[in-house]
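Novice: So the sequence shown is numbered by our numbering: it starts at 10 and just counts up by one.
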Amino acid sequence: GPLAGLELPLRAREEASARWRGTAAHDLYRFAAPDFKSHFCDDGCKHDHHPSALGVYLNALVFFATLFKRSPVGAAWPQGQTIDGRQLPTIPEESAKALQQIVHDVVLPHMELWWSGERPP
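1) What does the Cβ neighbour count give for Pro-118, buried or exposed, with the cut at 16 atoms within 10 Å?
2) Helix, strand or coil: how does DSSP classify Cys-92 here?
3) Strictly under 7 Å for the Cβ-Cβ distance: is Asp-114 near chain D by that measure?
4) CB-CB under 6 Å to Ala-62, same chain, minus the five flanking residues each way: which ones, in chain order?
5) Would DSSP call Pro-87 helix, strand or coil?
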């Protein structure tokens, strides 16, 4: 199948970009509050399973890279701007650049798989 040649796990090329592993991956989900009890987990997690601003931005970068077949490195990021009457969140520049690089490293090398038109096994 089209995913047969894919080496797992997918990894960022630069170790410095791999900051959201393990428990830090929770930062990609929305933190509700210290006393929040999520209905989606039974281990006392304090996150609901909706993406945080970082998670939404990561998703947007993946879609951009996949659909336009271009690197997201250098893309703009939300900095509290107001667009269509809604204020965007603020993402730190360092985090935005790290996410851009992760998407560049993980998505672009495998474009032939994503666009092959074949069904995964």
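From the three backbone atoms N, C-alpha and C, an ideal C-beta is built for every residue, glycine too.
Specialist: In this structure, then:
1) Pro-118 should be labelled exposed.
2) In the sequence as presented, Cys is not what sits at residue 92; that position holds Ile. Assigned with DSSP and collapsed to three states, Ile-92 falls in strand.
3) Here there is only one protein chain, and chain D is not present.
4) Within the same chain, Cβ atoms closer than 6 Å to the Cβ of Ala-62 are found at Pro-98 and Ile-100, the five residues on either side in sequence being excluded.
5) Coil at Pro-87, not helix or strand.
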